[in-house]
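See structure below.
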Amino acid sequence: VLDWYADIGRLLVAGPELPADRAIARGCERVEALVAALEIPRLSSWGVRDDDVERIVGLARSSSSMRGNPVALSDQQLIATLRSAV
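Residue 42 is where the sequence shown starts when you use my numbering, and the numbers rise one by one after that.
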């Protein structure tokens, strides 16, 4: 799975020779810059609060969309990811 993210990172930054760890980091930086440039609002702008996060993760666990994730994430990983977007 990390190879897949590295490939995406290399495409995003036109760096076909980048080692995997650097390609992933640069790809993440590029996505963060795109989010900022497009002014994509944080979840809190839609009323999502930090104390909603665990309930949202529980609801997500019971949905079929979680089956398509390339990596199985623990509840703690999902909570941390969602909280970073609030």
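We treat Cβ as the ideally placed atom computed from N, Cα and C, and that holds for glycine.
Three-state secondary structure (DSSP) of residue i
{"i": "LEU79", "result": "coil"}
{"i": "LEU52", "result": "helix"}
Beta-carbon spacing of residue i, residue j below 8 Å
{"i": "LEU84", "j": "VAL127", "result": "yes"}
{"i": "ARG51", "j": "LEU59", "result": "yes"}
{"i": "GLY56", "j": "ALA66", "result": "no"}
{"i": "VAL89", "j": "ILE120", "result": "no"}
Cβ separation of residue i and residue j, assumed to be a contact under 8 Å, to the nearest whole Å
{"i": "ILE97", "j": "LEU123", "result": "6 Å"}
Reference residue i, options the options, closest by Cα
{"i": "SER125", "options": "ASP92, ALA61, ASN110, TYR46", "result": "ASP92"}
{"i": "ALA74", "options": "ALA61, TRP87, LEU53", "result": "LEU53"}
*Can you give, in chain order, each stretch of the alpha helix (DSSP H) that sits fully within the segment 85-124 and has at least 4 residues?*
Those alpha helix (DSSP H) runs which fall completely within the segment 85-124 and span 4+ residues are 94-102.
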